[in-house]
Amino acid sequence: MIAFKYTKTDGAEYISHLDMLRHIDRTLRRAGIEVEYSQGYHKHPRIFMGNPLALGVKSVCEYCTADARYTQDFIQLFNENSPGGVKCLEARDVKQNPNFAESIRACRYEAAGIAPFDEREILAKSSIVITDMRGREVDIRPRISGIEWRKGRLIFTLGCGENNLRPDLFCNYICGIYGGEPAEIVKTASFGENIF
Amino acid sequence: MKPVNLDSLRKLLLKCEKPSRYTGGEYGAPGCEWGKFNFCACFPDLYEVGMSNIGIKIVARSFEERCMCADFCFAPARDFGQGLKELDVPLYSLSLKAPLKDFDMLGFSLQYELCYTNMLYMLDLAGIPLRREERRGGSWPLIVAGGPCAVNPEPLADFVDVFFIGDGESVDADVAEIYLKHGGATEGFYREISALDGVYVPAFTTPVYNGDGSVDRFDGIKHIKKALVCDLDGAIYPDRFAVPNCESVHDRAVLEVMRGCYRGCRFCQAGFIYRPVRKRGVQTLTRQASELIKHTGYGEVSLNSLSTGDYGKLSELIRSLKENLPPEVTLALPSLRVDSFEEDFAQDARKTSLTFAPEAGTQRLRDVINKDVTEEEVLRAAKRAFDAGYSAVKLYFMLGLPTETDEDLEGICEICKKIKLLYSAEKRKKALRISVSVATFVPKPFTPFQWERQAGEQEVKHKQEYLMRNLPRGVKFSWSAFYPSFLEAVLARGDRRLGKVIEYAYKNGCTFDGWDNLFNEEGWKKAFDDCGICGEQYVRGRGEDELLPWDHIDVMVDKSFLLRERQRAYAGKVTGSCHGGCKGCGMQSVCPAARGEI
Chain W
871 MIAFKYTKTD
881 GAEYISHLDM
891 LRHIDRTLRR
901 AGIEVEYSQG
911 YHKHPRIFMG
921 NPLALGVKSV
931 CEYCTADARY
941 TQDFIQLFNE
951 NSPGGVKCLE
961 ARDVKQNPNF
971 AESIRACRYE
981 AAGIAPFDER
991 EILAKSSIVI
1001 TDMRGREVDI
1011 RPRISGIEWR
1021 KGRLIFTLGC
1031 GENNLRPDLF
1041 CNYICGIYGG
1051 EPAEIVKTAS
1061 FGENIF
Chain G
1022 MKPVNLDSLR
1032 KLLLKCEKPS
1042 RYTGGEYGAP
1052 GCEWGKFNFC
1062 ACFPDLYEVG
1072 MSNIGIKIVA
1082 RSFEERCMCA
1092 DFCFAPARDF
1102 GQGLKELDVP
1112 LYSLSLKAPL
1122 KDFDMLGFSL
1132 QYELCYTNML
1142 YMLDLAGIPL
1152 RREERRGGSW
1162 PLIVAGGPCA
1172 VNPEPLADFV
1182 DVFFIGDGES
1192 VDADVAEIYL
1202 KHGGATEGFY
1212 REISALDGVY
1222 VPAFTTPVYN
1232 GDGSVDRFDG
1242 IKHIKKALVC
1252 DLDGAIYPDR
1262 FAVPNCESVH
1272 DRAVLEVMRG
1282 CYRGCRFCQA
1292 GFIYRPVRKR
1302 GVQTLTRQAS
1312 ELIKHTGYGE
1322 VSLNSLSTGD
1332 YGKLSELIRS
1342 LKENLPPEVT
1352 LALPSLRVDS
1362 FEEDFAQDAR
1372 KTSLTFAPEA
1382 GTQRLRDVIN
1392 KDVTEEEVLR
1402 AAKRAFDAGY
1412 SAVKLYFMLG
1422 LPTETDEDLE
1432 GICEICKKIK
1442 LLYSAEKRKK
1452 ALRISVSVAT
1462 FVPKPFTPFQ
1472 WERQAGEQEV
1482 KHKQEYLMRN
1492 LPRGVKFSWS
1502 AFYPSFLEAV
1512 LARGDRRLGK
1522 VIEYAYKNGC
1532 TFDGWDNLFN
1542 EEGWKKAFDD
1552 CGICGEQYVR
1562 GRGEDELLPW
1572 DHIDVMVDKS
1582 FLLRERQRAY
1592 AGKVTGSCHG
1602 GCKGCGMQSV
1612 CPAARGEI
């Protein structure tokens, strides 16, 4: 199996998760990398993606596994055949599916355009209740594990997977209090088992 | 002007449905760079629709082959269009993200009449004056249009500088070369291109109307012959397609197996304007399919034409494709006729639904329209399909065909009953699903029915209600709304005076007229009223000796042949397909079938 890390930038951040799955399938097909198919009535290629990234959020650390034979030149083959903004950064030959959708527990993001504020104010709160996209009240404080400023950009780490907090919702919450507007949000790192 | 920066549109993109329509970056998109001549193919419908169109890809390739720039642009959905206006960002091309007004030529593809307001919508969003007259003397791109609707260019003649009639493979780029030679759209440029086959410069032709609204004469250039590409094997075809960012209507590799159709169904405009039938060889198609699969990564190849079942070497082609393509690639064969159903089994085994288009309910009426299909053939094909495990049938019919009576509608009900009986004659695993869709007949230019009137609202309503009452139980019935079909007929049969109505309709908020959910009937009705033009006069029956608004265009099918076919229709005589011998439509000198090459 091939586990690989790729980007979603330069416009590709507007491609939906489902379309992205199709693009990876086609990229591999164009590259001549044969992916195993599931057995059964509705056969589908055995490609396993990490958790969906919110639309409009860029990333330089998306992860995916494809059930296919690893080759040394995988990165080059992939990149010659991928759409704009989707570029493979690293690839590993793995025996087992690392199951990135489960294994990634937290992600770090960077955002520009957010008005300056003292991050300690947020971190000092014991609970932050917001209304999520489905209209439910949730406490997001346990899902925020770090906030800092670096060169005018807000760096923050949020839960992912079971404990997920969408970076765009987080930014909206912050901007709602302190002002500004996210001009760009980029996922810069993922944390969990089997990450490289 | 500078290209549009996507990051500056972030907020808008996130507010809109399917933002990846507007971002470009598709794999396989031409690596655009500004060149000696810059062309942008404009498709007046959504990205998902336009990205599936093969015509604009062929045209774009013809520019690229001459080292010219060819970019694309699609009509943005209303949410994004509105947002661009509010931000004062001009409509931009997909790859270069350049404002449309920076191009030398914008080429609109006119695939259906109900996209006309979208052409104005795109020009408006691009900040380009709509009317040809308003652009005169300014440094605006040349606005050109082609595609099947261009055979009657008059309704759009106020907005378009140059129409391309017929095959666009080479003449579009020829015009670009002449543009470069003259250093722009000068008088000399227009003079020179108007001598070419397939080029119509509306400024050089003035229709003069009689008091009753009919055409008295054409002043200026009176005869424009279509462009014809005789050899499809040698014709331009892209070996790679841009793979759309979001799922498109036909998300697969497309081959154009043939152009034209042997059948000559009398209602079908495509069957006449794309004559003569030209084919690509098995070798060419196999090579093109292999290239496309390699360069797109698609898992499906579609064998397109007006009637793929009539491709003489279809079995050989399917065999060759199966041998040469990767094993997981499936084949799709749309537009198969009832009598060529066997080939359908070559398709994806998961399919459970079969579509037939008998078009009319009785043999008498099918003879009138020259639809060479019998009820026995439909039933036989249905039985074969049921025995192979299919459990759903879709049937397409037209309402309001010439000479149609309630008896013909009863015929539609009868076919459904017989199919039901056929299915229940044996024990089958699943319940049968039959759906019947009826469209309202639109008499189109360059068909033997071009002189016919269109059925009025009350008649059509009566016919629809008849079917609602009399179709057997359990049949799913759907029909098209009257007004859009009426409008389609008006625009298809229209003349130059309609330009004003189209412009008013656009200003009244009409866009995406082909989309049921977006159709703005009030906007159109108001536009006709405001212009003092009665739409009904365009759907009236025309006299056989009348000069028709499209008579200056020559699609190379003799008018006398169309008249002969009309008389045969009224006599209930089938003419049949070109397979049974040449019918003398007027294209014999350039027609492979007339030489016996079928």
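Sequences listed follow chains W and G, in order. For the first sequence, this note's numbering assigns the number 871 to the initial residue and increments by one for each residue that follows. For the second sequence, this note's numbering assigns the number 1022 to the initial residue and increments by one for each residue that follows. Note that beta-carbon positions come from the ideal geometry of N, C-alpha and C, so glycine has one too. Every value quoted in this text rests on a predicted model; they were computed, and no experiment measured them.
Quiz item: Helix, strand or coil: which one does DSSP assign to Ala-1476(G)?
Solution: Position 455 of the second sequence, counted from the start, is the residue given in the question as residue 1476(G). Ala-1476(G) falls in the coil class under three-state DSSP.
Quiz item: Is the shortest distance between the beta-carbon of Arg-1454(G) and the beta-carbons of chain W less than 8 Å?
Solution: Residue numbering aside, residue 1454(G) sits at position 433 when the second sequence is read from its first letter. So, not an interface residue.
Practice problem: Starting from the beta carbon of Arg-896(W), find every residue of chain G whose beta carbon is closer than 9 Å, and list them in chain order. | Solution: On the first sequence, position 26 is the one that residue 896(W) refers to. Near Arg-896(W) (Cβ distances below 9 Å), the residues of chain G are Tyr-1048, Val-1264, Thr-1317, Gly-1318, Tyr-1319 and Gly-1320.
Quiz item: What residues of chain G sit near Glu-955(W), judged by a beta carbon separation below 7 Å?
Solution: As a position in the first sequence, residue 955(W) is number 85, starting the count at 1. One detail in the question is off: residue 955(W) reads as Gly in this sequence, not Glu. Residues of chain G passing the Cβ test: Gly-1046.
Quiz item: What first and last residue would you give for the beta strand (DSSP E) that runs through Ile-1164(G)?
Solution: Taking the first residue of the second sequence as 1, we reach residue 1164(G) at position 143. Where Ile-1164(G) is concerned, the enclosing beta strand (DSSP E) stretches over 1163-1167.
Quiz item: If you check the beta carbons only, do Thr-1395(G) and Gly-1432(G) fall under 8 Å apart?
Solution: In the second sequence, counting from the first residue as 1, residue 1395(G) sits at position 374. In the second sequence, counting from the first residue as 1, residue 1432(G) sits at position 411. No.
Practice problem: Can you say whether Asn-1391(G) is buried or exposed, counting buried as having 16 or more other CB atoms within 10 angstroms of its CB? | Solution: Looking up residue 1391(G) in the second sequence gives position 370. Looking at its Cβ environment, which holds 16 or more other Cβ atoms inside 10 Å, Asn-1391(G) is buried.
Exercise. Give me the Cα-Cα distance between Val-1611(G) and Leu-1584(G), rounded to the nearest whole angstrom.
Key: Here residue 1611(G) refers to the residue found at position 590 when the second sequence is read from its first residue. Here residue 1584(G) refers to the residue found at position 563 when the second sequence is read from its first residue. Each residue's Cα considered, the two are about 21 Å apart.
Self-check item: Among Gln-1309(G), Tyr-1068(G), Leu-1342(G) and Pro-1355(G), the one whose alpha carbon lies nearest that of Thr-1329(G)
Solution: By 1-based counting over the second sequence, the position of residue 1329(G) is 308. Checked all of Gln-1309(G), Tyr-1068(G), Leu-1342(G) and Pro-1355(G); the closest Cα to Thr-1329(G) is Pro-1355(G).
Quiz item: How is the alpha helix (DSSP H) around Gly-881(W) delimited, first residue to last?
Solution: In the first sequence, counting from the first residue as 1, residue 881(W) sits at position 11. Taken as a continuous stretch (DSSP letters only), Gly-881(W) belongs to no alpha helix (DSSP H), as it is neither H nor E.
Quiz prompt | chain W within 8 Å of Glu-1268(G), Cβ atoms only | solution = Here the question's residue 1268(G) lines up with position 247 in the second sequence. It does; some Cβ of chain W falls within 8 Å.
Quiz item: Is any beta-carbon of chain W found at less than 8 Å from that of Asp-1092(G)?
Solution: Taking the second sequence and counting its residues from 1, one reaches residue 1092(G) at position 71. Cβ-Cβ to chain W under 8 Å: no for Asp-1092(G).
Self-check item: DSSP state of Cys-1282(G) mapped onto helix, strand, coil
Solution: Locating residue 1282(G) in the second sequence gives position 261, counting from the first residue. In this structure, Cys-1282(G) counts as coil in the three-state DSSP scheme.
Quiz item: Going along chain W, which residues have a C-beta under 7 Å from Leu-1027(G)?
Solution: Looking up residue 1027(G) in the second sequence gives position 6. Result: Gly-881.
Quiz item: For chain G, is any of its Cβ atoms less than 8 Å away from the one on Ala-981(W)?
Solution: Against the first sequence, residue 981(W) aligns to sequence position 111. No, because no Cβ of chain G sits closer than 8 Å to the Cβ of Ala-981(W).
Quiz item: How about Arg-916(W): is its C-beta nearer than 8 Å to some C-beta of chain G?
Solution: If you number the first sequence from 1, residue 916(W) lands on position 46. Not one chain G Cβ lies under 8 Å of Arg-916(W).
Quiz item: DSSP state of Lys-963(G), grouped into three classes?
Solution: Nothing about residue 963(G) can be reported from this structure: the residues present for chain G run from 1022 to 1619 only.
Practice problem: State buried or exposed for Met-1143(G), treating a residue as buried only when at least 16 other CB atoms are found within 10 Å of its CB. | Solution: Numbered from its first residue, the second sequence carries residue 1143(G) at position 122. Looking at its Cβ environment, which holds 16 or more other Cβ atoms inside 10 Å, Met-1143(G) is buried.
Practice problem: Tell me, please, whether the CB atom of Ser-1060(W) is closer than 8 Å to any CB atom in chain G? | Solution: Start at 1 with the first residue of the first sequence, and residue 1060(W) comes out as number 190. Not closer than 8 Å to any Cβ of chain G, the Cβ of Ser-1060(W) fails to qualify, so no.
Practice problem: Taking Pro-1040(G) as the query, report the chain W residues whose CB atoms sit under 8 Å from its CB, ordered along the chain. | Solution: For the purposes of this step, residue 1040(G) is taken as the residue at position 19 of the second sequence. Chain W residues near Pro-1040(G): Tyr-884, Leu-925 and Gly-926.
Quiz item: By how many angstroms is the C-alpha of Ser-1015(W) removed from the C-alpha of Leu-1027(G)?
Solution: Position 6 of the second sequence, counted from the start, is the residue given in the question as residue 1027(G). Position 145 of the first sequence, counted from the start, is the residue given in the question as residue 1015(W). Answer to the nearest angstrom: the Cα atoms are 31 Å apart.
Quiz item: Taking Ile-894(W) as the reference, which of Gly-920(W), Cys-977(W), Val-1008(W) and Gly-1050(W) has the closest Cα?
Solution: Counted from its first residue, the first sequence places residue 894(W) at position 24. That would be Gly-920(W), whose Cα lies nearest to the Cα of Ile-894(W).
Exercise. Could you tell me which chain W residues have their CB closer than 7 Å to the CB of Leu-1346(G), listed as they occur along the chain?
Key: As a first step, residue 1346(G) must be located in the second sequence, where it is residue number 325. Under the 7 Å cutoff, chain W gives no residues; its nearest Cβ is about 12 Å from Leu-1346(G).
Quiz prompt | Beta carbon of Pro-1297(G) nearer than 8 Å to that of Tyr-1221(G) | solution = Stepping through the second sequence from its first residue, residue 1297(G) is reached at position 276. Stepping through the second sequence from its first residue, residue 1221(G) is reached at position 200. Not closer than 8 Å, so no.
Quiz item: Between the stretch 1009-1027 of chain W and the stretch 890-907 of chain W, do at least 3 Cβ pairs fall closer than 8 Å?
Solution: no
Quiz item: What residue from Met-890(W), Val-905(W) and Tyr-876(W) has the CA that sits closest to Glu-1349(G)'s CA?
Solution: Counted from its first residue, the second sequence places residue 1349(G) at position 328. Closest option to Glu-1349(G), Cα to Cα, is Val-905(W).
Quiz item: Of all the beta strand (DSSP E) runs that stay within the bounds of the stretch 944-986 of chain W, which reach a length of 3 or more residues?
Solution: 958-963 and 974-984
Quiz prompt | Option in Ala-1413(G), Ala-1197(G) and Cys-1599(G) with minimal Cα separation from Lys-1293(G) | solution = If you number the second sequence from 1, residue 1293(G) lands on position 272. As written in the sequence, residue 1293(G) is Phe, which differs from the Lys given in the question. The shortest C-alpha separation from Phe-1293(G) is found at Cys-1599(G).
Quiz prompt | Residue range of the beta strand (DSSP E) that includes Trp-1545(G) | solution = As a first step, residue 1545(G) must be located in the second sequence, where it is residue number 524. Segment 1542-1552 is the alpha helix (DSSP H) holding Trp-1545(G); no beta strand (DSSP E) there.
Practice problem: Note down, in chain order, each residue of its chain lying with its Cβ closer than 8 Å to the Cβ of Gln-1368(G), except the 5 sequence neighbours on either side. | Solution: If you number the second sequence from 1, residue 1368(G) lands on position 347. Residue placement at Gln-1368(G) cannot be trusted, given a pLDDT of 49 that sits under 50; what the coordinates show is reported in the next sentence. These residues qualify, in order along the chain: Thr-1351, Leu-1352, Ala-1353 and Leu-1354.
Exercise. Out of Gly-1515(G), Lys-1439(G), Lys-1450(G) and Glu-1155(G), point me to the one whose CA is closest to Ile-1463(G)'s CA.
Key: Here residue 1463(G) is taken as the residue at index 442 of the second sequence, counted from 1. Note that residue 1463(G) is Val in the sequence shown, not Ile. That would be Gly-1515(G), whose Cα lies nearest to the Cα of Val-1463(G).
Quiz item: At a Cβ threshold of 8 Å, is Ser-973(W) touching chain G?
Solution: Here residue 973(W) refers to the residue found at position 103 of the first sequence. So, not an interface residue.
Self-check item: Proximity test, Cβ basis, 8 Å: Ser-908(W) and chain G
Solution: Numbered from its first residue, the first sequence carries residue 908(W) at position 38. Judged by the 8 Å Cβ criterion, Ser-908(W) is not in contact with chain G.
Quiz prompt | Per-residue contacts from Ser-952(W) into chain G (C-beta, under 7 Å) | solution = As a position in the first sequence, residue 952(W) is number 82, starting the count at 1. Near Ser-952(W) (Cβ distances below 7 Å), the residues of chain G are Tyr-1048.
Quiz item: Quick one: what does DSSP say Tyr-1295(G) is sitting in, helix, strand or coil?
Solution: Looking up residue 1295(G) in the second sequence gives position 274. If DSSP states are grouped into helix, strand and coil, Tyr-1295(G) belongs with coil.
Practice problem: Step through the CB atoms of chain G and report whether any lies within less than 8 Å of the CB of Glu-1054(W). | Solution: Walking along the first sequence from the start, residue 1054(W) turns up at place 184. So, interface residue.
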